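When you line the sequence shown up against UniProt numbering, it's residues 10 to 219, in that order.
Every residue, glycine too, gets a C-beta built ideally from N, C-alpha and C.
As the structure is a prediction and not an experimental result, all values here were calculated from the model.
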Amino acid sequence: REIAPGAWHVPDWLTPAQQRELVTACRAWAMGPVPIRHTRLPRGGVMSVQTVCVGWHWQPYRYTRTADDVNGRRVAEFPDWMVRLGRRAVLAAYGDEASAQEYTPDTALINFYDGRARMGMHQDKDERSSAPVVSLSIGDTCVFRVGNTETRTRPYTDVELSSGDLFVLGGPSRFAYHGVPKVLEGTGDPDIGPASGRLNITMRVTGLER
Ligand code: MD3
Ligand code: FE
């Protein structure tokens, strides 16, 4: 379903087996080389979401190779299997083989939400590329809010993202404000996703030199 121009929601895209494999990969990345952490913001706040990065390290508001705001280490390599997963995701959303094959994500941000975590309305504009962002949700359902490119307020559309759902943000929606106002605690299946909470994986093209 197209939620906004270029913003496609594909419910139940990942199989339970794929979700379990992704949880396993994310658990390993969460332990290092750069452990998962609540990102510190330049004005002194900390994000309620915990994040670990692959390929490039995101810190507000730039990408670096080494995590100089955590332990100075280089983040894990972006795996080839994730490039292929990203291409299949773009194909599933847009149905266009050519744009899917061109899509080469080089970073993933893995966000973990406990029941109280939220993400305020923001734009993702630290990438020097307007290639789509691929989002995969695992675990508890959340309310995801997609707004407009002008303001962090209305008009916006709220969508529930559940375990296994794919969301692809491209075209005019790539630079739209968006956020996660709520996580619906206890809605996930502990046999598939994390024991509790919500995992979100976003793949991106940084547009930076390797
Ligand atoms: C809409 N993550 O990591 S993913 C983020 O569920 C982020 O953790 C949310 O926003 C989460 O920056 C939402 C879906 C998403 C990702 C990028 C977007 C939606 C987007 C870029 C533009 C518009
Ligand atoms: Fe975002």
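Would you mind giving the Cβ-Cβ distance between residue i and residue j, rounded to the nearest angstrom? I have them listed as a contact below 8 angstroms.
i, j, result
"residue 174", "residue 14", "Rounded, the Cβ-Cβ distance is 19 angstroms, inconsistent with contact."
"residue 43", "residue 79", "5 angstroms"
"residue 72", "residue 95", "That pair is no contact at about 17 angstroms."
"residue 161", "residue 130", "4 angstroms"
Taking residue i as the reference, give the member of the options with the closest Cα.
i, options, result
"residue 25", "126, 134, 197 and 212", "197"
"residue 84", "125, 100, 39 and 110", "39"
"residue 143", "163, 189, 104 and 114", "114"
"residue 16", "209, 101, 119 and 86", "101"
"residue 23", "67, 193 and 97", "97"
"residue 34", "217, 210 and 218", "210"
"residue 193", "149, 64 and 62", "149"
"residue 133", "183, 200, 219 and 199", "183"
"residue 219", "64, 47, 81 and 199", "64"
"residue 86", "171, 106, 47 and 62", "62"
Between the alpha carbons of residue i and residue j, how many angstroms are there, rounded?
i, j, result
"residue 55", "residue 123", "15 angstroms"
"residue 50", "residue 69", "6 angstroms"
"residue 165", "residue 153", "10 angstroms"
"residue 9", "residue 108", "Residue 9 is absent from the model: the chain starts at 10 and stops at 219."
"residue 186", "residue 155", "6 angstroms"
"residue 158", "residue 179", "12 angstroms"
"residue 41", "residue 195", "27 angstroms"
"residue 139", "residue 205", "33 angstroms"
"residue 169", "residue 181", "21 angstroms"
"residue 217", "residue 120", "22 angstroms"
"residue 45", "residue 90", "21 angstroms"
"residue 57", "residue 76", "19 angstroms"
"residue 88", "residue 116", "9 angstroms"
"residue 47", "residue 81", "16 angstroms"
"residue 99", "residue 167", "22 angstroms"
"residue 141", "residue 36", "25 angstroms"
"residue 52", "residue 67", "16 angstroms"
"residue 104", "residue 110", "11 angstroms"
"residue 27", "residue 74", "28 angstroms"
Return the bridge partner residues of residue i from the DSSP annotation.
i, result
"residue 116", "213"
"residue 65", "Per DSSP, none; premise fails for residue 65."
"residue 38", "Note: residue 38 sits in no beta bridge, so no partner."
"residue 17", "11 and 177"
"residue 167", "154"
"residue 81", "Partner(s): none; residue 81 has no beta bridge."
"residue 72", "67"
"residue 207", "122 and 148"
"residue 128", "189"
"residue 60", "46 and 120"
"residue 55", "49"
Hey, residue i and residue j: beta-carbon distance below 8 angstroms or not?
i, j, result
"residue 215", "residue 136", "yes"
"residue 147", "residue 188", "no"
"residue 10", "residue 18", "yes"
"residue 127", "residue 190", "yes"
"residue 145", "residue 31", "yes"
"residue 207", "residue 151", "yes"
Should residue i be flagged as near chain C, meaning a C-beta pair shorter than 8 angstroms?
i, result
"residue 70", "The chain inventory of the structure shown lacks chain C, comprising one protein chain alone."
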